[in-house]
Amino acid sequence: MSAFLPETILNLLPDAIQLFYLVATGFFIRGVKLLNSPGTARKGNQFAAIGMLIGVLVTLFDQDIVEFELIVGGIIIGGLIGLLLAKKVQMTAMPELVAVFNGFGGAASALVAWGELARNPDILSFDTTGLISIGLSVFIGALTFTGSFIAFGKLSGFISGNAITFPGLNVINIGAMIATLGLIGYFAFDPTNPTLFWVILGVSLLIGVTSVIPIGGADMPVVISLLNSYSGIAAAMAGFVLQNNLLIVSGALVGAAGLILTNIMCKAMNRSLVNVIFGSFGAAAGGPGASGDGDKSIRETSAEDLAIQVAYASKVVIVPGYGLAVAQAQHIVKEVATKLESRGVQVKYGIHPVAGRMPGHMNVLLAEADVPYDLLKDMDEINPEFATTDVVLIIGANDVVNPLAKTDPTGPIYGMPILNVDEAKRTIVFKRSLSVGYAGIDNPLFYAEKNQMFFGDAKKSLQALNEALNEV
Amino acid sequence: MEVDLTLLLFIFALASFIGFELISKVPPTLHTPLMSGANAISGITIVGALIVAGSLGNPIGKWIGFAAIILATINVVGGFLVTDRMLEMFKKKGDEK
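As you go down the protein sequences, you meet chains A and B in turn.
In this text, residue positions in the first sequence follow this note's numbering: the first is 1, and each later residue adds one.
In this text, residue positions in the second sequence follow this note's numbering: the first is 1, and each later residue adds one.
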């Protein structure tokens with residue numbers, strides 16, 4: 001693009017580009033800040049998008065860029081695919097999509113470093129810093145790519161959600177990571193051996209697979225958040241390769257912000273990041289109470305019976321979980337809630353921080369069904385209210401209401417804060433069967449005296465309840 | 001263009017500190033959109049991809065850059081759009097549709 005400019009402007013161009021990069025960075029920082037609060041979040045995302053547009057447009061004026069065929073083609077192809085994926089995806093599949101996008105981002109950073117290496121005819125023209133940056137960029141980018149796709153596979157069910165592991169895998173993984181760093185150092189020392197680069201690339205791709213596969217499906221949100229942080233760091237490393245400030249700053253920004261967000265998510269589950277990554281949560285299926293308790297009795301309820309219970313309640317709390325997402329039952333929940341509200345029943349939603357497959361997943365789904373977000377209560381807000389609640393409707397949630405988290409110190413979810421639904425006068429569990437939840441353990445709540453089970457697909461059950469409410 | 005490595009590291013470190021400070025008490029409602037928005041920003045690597053694909057040099061390197069542009073653009077366009085789609089649905093009680 002710079003070819004179209006007069007010479008006077010051309011001289012100022014490098015500085016002008018840097019200044020516009022600074023403006024773009026400003027938009028990113030402001031954007032992320034605004035994303036922190038529900039009222040301004042949408043604007044924040046738009047700010048960030050504007051920053052990105054500025055960054056891309058300004059770069060096209062870079063004097064090094066002289067050919068535009070590949071650029072235009074690449075942007076059109078990538079833009080169309082991105083548009084299609086973003087418009088077509090179901091809200092329930094949001095975690096999977098974020099994983100996929102993140103994988104692409106990581107792969108792109110690895111490719112940028114690799115492309116820069118391959119583009120230069122003389123490999124010895126790279127200094128040590130450049131070579132180390134290339135190695136790190138390929139390493140982090142490649143493991144983000146495969147790691148994200150394993151996470152995607154686990155979320156969508158292509159790969160078993162259970163933790164797949166064997167003793168010593170963690171040690172092997174850590175060893176492989178250290179070895180890769182060593183290889184990168186050696187590569188910087190002697191870049192003339194092409195095999196070395198391939199080994200680094202191959203091992204990095206492999207590490208992405210072997211370090212995510214031992215982590216249970218319930219922890220995938222944390223993993224995706226962490227990988228999101230990695231893809232930022234990979235972008236920053238690609239920035240070091242190209243000595244590009246915008247890449248370094250934005251990459252570092254996302255890397256750091258992603259790490260903090262990951263930490264917040266871990267705290268919500270009362271676990272440390274180390275525990276998530278190396279704990280193999282979910283591999284401990286068959287824990288206490290998982291089998292051999294055939295004598296426990298449950299109480300079943302019917303749509304008609306339940307309709308009467310909720311219609312004459314004064315306060316009802318709805319606790320949604322992944323089952324609601326799977327059944328696509330968010331709209332019918334809203335319908336039932338509206339009907340109850342018109343009868344004067346107070347309806348609130350209790351959202352556990354890790355309900356669903358991604359933090360905030362339930363909020364997104366219920367927002368899709370036009371539930372106002374001020375009715376969605378965080379765990380800390382809703383827990384004191386259960387004592388005054390008449391009926392709690394637990395729809396497709398399991399582990400987040402499992403009292404074993406408080407009572408069984410040997411269980412895999414011990415210590416995780418839960419929604420104290422057992423304090424309410426009555427709980428109703430909407431579930432297809434008595435099967436265990438993601439954590440692979442039984443739930444004593446199902447057998448509690450105050451609890452009734454409403455078996456069936458969440459959507460069909462709610463539809464039945466909705467119709468029954470007309471008769472009350 | 002020769003740039004001082006110390007300066008680049010300085011920028012990297014400062015930007016990281018800003019990133020740490022930017023995320024404070026995010027309500028869980030926003031965890032998913034925030035993650036997806038930040039993920040779109042990490043698609044900034046598209047800028048690097050443009051440079052690799054558009055500069056002179058070995059065609060193999062440029063085609064690798066081309067692949068990088070496609071993947072990064074999917075990340076950027078898809079990421080921002082899907083985040084917007086999510087946030088569009090968040091409404092306060094009483095807000096008009």
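Where is the CB? At the ideal position from N, CA and C, for every residue including glycine.
Keep in mind that this is a model prediction, so the values were computed, not measured.
Under the three-state DSSP convention, the category residue i falls into
i: Y230(A); result: helix
i: E67(A); result: coil
i: M416(A); result: coil
i: E449(A); result: coil
i: L56(B); result: coil
i: A290(A); result: Any reading at A290(A) needs caution, since the residue's pLDDT is 38, under 50, leaving its predicted position unreliable; the model's value is listed next. Here A290(A) sits in coil by DSSP.
i: Y312(A); result: coil
i: T40(A); result: coil
i: K377(A); result: strand
i: T410(A); result: coil
i: F20(A); result: helix
i: G356(A); result: coil
i: L22(B); result: helix
i: N162(A); result: coil
i: I174(A); result: helix
i: N466(A); result: helix
i: Q530(A); result: Beyond the ends of chain A as shown, which are 1 and 472, falls residue 530(A); an answer cannot be given.
i: F90(B); result: coil
i: L7(B); result: helix
i: A40(B); result: helix
i: A424(A); result: coil
i: I77(A); result: helix
i: S272(A); result: coil
i: W472(A); result: Residue identity check: residue 472(A) is Val in the sequence provided, not Trp. Of the three classes helix, strand and coil, the one that applies to V472(A) here is coil, per DSSP.
i: S461(A); result: helix
i: A15(B); result: helix
i: F61(A); result: coil
i: P372(A); result: coil
i: A284(A); result: Reliability of the predicted coordinates at A284(A) is poor, the pLDDT of 41 falling under 50, and no value is obtained from them.
i: D442(A); result: coil
Rounded separation between residue i and residue j - CA only
i: I54(A); j: L246(A); result: 11 Å
i: A325(A); j: L10(A); result: 55 Å
i: F12(B); j: S137(A); result: 14 Å
i: P497(A); j: N420(A); result: Within the shown structure, residues of chain A are numbered from 1 to 472, placing residue 497(A) beyond reach of any answer.
i: S314(A); j: E423(A); result: 16 Å
i: L50(B); j: I71(A); result: 6 Å
i: A238(A); j: S133(A); result: 7 Å
i: V436(A); j: V199(A); result: 42 Å
i: W63(B); j: R119(A); result: 9 Å
i: N451(A); j: P409(A); result: 24 Å
i: D399(A); j: C266(A); result: 16 Å
i: T59(A); j: L131(A); result: 23 Å
i: F197(A); j: I233(A); result: 20 Å
i: T92(A); j: L12(A); result: 49 Å
i: Y230(A); j: A16(A); result: 30 Å
i: D127(A); j: L201(A); result: 20 Å
i: R85(B); j: D122(A); result: 46 Å
i: L273(A); j: I215(A); result: 12 Å
i: Q330(A); j: R30(A); result: 33 Å
i: I60(B); j: T192(A); result: 18 Å
i: T8(A); j: H361(A); result: 53 Å
i: L56(B); j: P372(A); result: 54 Å
i: A474(A); j: I75(A); result: The requested residue 474(A) is not part of the displayed model; chain A covers only 1 to 472.
i: T83(B); j: L124(A); result: 43 Å
i: I332(A); j: N466(A); result: 8 Å
i: L261(A); j: S42(B); result: 15 Å
i: A188(A); j: G78(A); result: 33 Å
i: Y414(A); j: P167(A); result: 22 Å
i: P444(A); j: V429(A); result: 12 Å
Those residues which DSSP pairs with residue i across a bridge
i: E300(A); result: M453(A)
i: K348(A); result: V317(A)
i: I395(A); result: P320(A) and F430(A)
Any non-hydrogen atom of the ligand HEM within 7 Å of residue i CB
i: L306(A); result: The model depicted lacks the ligand HEM and carries no ligand whatsoever.
Cross-chain neighbours of residue i in chain E, by beta carbon under 7 Å
i: T165(A); result: No chain E appears in the structure shown, which is made up of the protein chains A and B.
Notebook entry, point to check: Can you find at least 3 beta carbon pairs, one from the stretch 64–75 of chain B and one from the stretch 102–119 of chain A, that sit closer than 8 Å?
Noted result: yes
Note to self: I'd like to know if the stretch 216–234 of chain A and the stretch 450–466 of chain A are in contact, where contact means that at least 3 CB-CB pairs between them fall below 8 Å.
What the structure shows: no
Item checked: Uninterrupted alpha helix (DSSP H) stretches inside the stretch 186–264 of chain A (no shorter than 4 residues) -> 194–212 and 220–242
Notebook entry, point to check: Three or more C-beta pairs closer than 8 Å, one from the stretch 352–368 of chain A and one from the stretch 319–333 of chain A: is that the case here?
Noted result: yes
Note to self: Threshold first: 3 residues or longer. Then list the beta strand (DSSP E) segments lying entirely within the stretch 101–160 of chain A, N to C.
What the structure shows: none
Margin query: Check whether the stretch 25–42 of chain B and the stretch 30–42 of chain A touch, using three or more Cβ-Cβ pairs below 8 Å as the test.
Written below: yes
Next item on the list: Evaluate contact between the stretch 373–382 of chain A and the stretch 342–354 of chain A, counting only Cβ atoms and requiring at least three cross-stretch pairs below 8 Å.
Entry: yes
Check: Do the stretch 146–157 of chain A and the stretch 172–187 of chain A meet, that is, are 3 or more Cβ pairs less than 8 Å apart?
Finding: no
Notebook entry, point to check: For the stretch 241–255 of chain A against the stretch 5–20 of chain B, are there 3 or more C-beta pairs whose distance is under 8 Å?
Noted result: yes
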